[in-house]
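Colleague: Here you go, one structure.
Structure representation (structure tokens):
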């Protein structure tokens, strides 16, 4: 862990809540869950907008905001736990790039008058991000069983 006064009042997120888990890990878990919900809503709106043509399709602002917040939270997580933060931020940046290109591929599908597909790559990236932060933040729930086996 770096200096406790590195970022001032934001450093309260680096405090341990339970079993070595910090607040930022729970915040990131909540952000990823919100991102998954917003992703489902965004895809429904893309499908509805696709009926009107490619010109009506626009990026979902809520999805972009949650992606940016996840990446920024990952950068802060690096200051709390270097290894976990770097892994999480790498996955989050991959999610951000995947979302960018998934939207562009939806635009191409609309211009070519193809049926709109699900954002498969973004769903896989979201799953990896969710699984990693769930492992980091909720491992204490299965730790007694894990320690008995391993």
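In the numbering used here, the protein residues as written are 230 to 379. Glycine included, C-beta positions come from ideal geometry on N, C-alpha and C. Just so it is clear, the structure is predicted and the values come from calculations on it, not from any experiment.
(1) Check whether the segment 248-255 and the segment 346-358 touch, using three or more Cβ-Cβ pairs below 8 Å as the test.
(2) Going by DSSP, name the residue or residues bridged to residue 247.
(3) Roughly how many angstroms separate the alpha carbons of residue 230 and residue 313, rounded to a whole number?
(4) Is the beta carbon of residue 263 sitting closer than 7 Å to the one on residue 292?
(5) What residue range does the alpha helix (DSSP H) around residue 312 cover?
(6) Helix, strand or coil for residue 344 per DSSP?
(7) Over the uninterrupted alpha helix (DSSP H) stretch that includes residue 376, give me the two end residues.
(8) Quick check: what's the CA-CA separation for residue 309 versus residue 328?
(9) Can you list, in chain order, the residues of its chain whose CB lies under 8 Å from that of residue 372, leaving out five sequence neighbours each side?
(10) For residue 319, count neighbouring C-beta atoms within 10 Å of its own C-beta (all shown protein chains included) and say buried if the count is 16 or more, exposed if not.
(11) Select from 275, 302 and 242 the residue whose C-alpha is nearest the C-alpha of residue 261.
(12) With a threshold of 8 Å on Cβ separation, who are the neighbours of residue 255 within its own chain once the five nearest residues in sequence on each side are excluded?
(13) Quick one: is residue 331 buried, meaning 16 or more other Cβ sit within 10 Å of its Cβ, or exposed?
Modeller: According to the data block:
(1) The segment 248-255 is not in contact with the segment 346-358.
(2) Paired residues: 250.
(3) At residue 230 the pLDDT is 48, less than 50, meaning the model places this residue with poor confidence and gives no usable figure here.
(4) No Cβ-Cβ contact shorter than 7 Å links residue 263 with residue 292.
(5) Note, residue 312: alpha helix (DSSP H), 311-340.
(6) If DSSP states are grouped into helix, strand and coil, residue 344 belongs with coil.
(7) Judged by DSSP secondary structure, residue 376 falls within the alpha helix (DSSP H) whose first and last residues are 349-378.
(8) Straight through space, the alpha carbons of residue 328 and residue 309 are spaced by roughly 27 Å.
(9) Once the five neighbours on either side are set aside, the close Cβ partners of residue 372 are 248.
(10) Around the Cβ of residue 319, a 10 Å sphere holds fewer than 16 other Cβ atoms; the residue is exposed.
(11) Ranked by Cα distance from residue 261, the first of 275, 302 and 242 is 302.
(12) 246 and 366, listed in sequence order.
(13) With 16 or more other Cβ atoms inside 10 Å of its own Cβ, residue 331 counts as buried.
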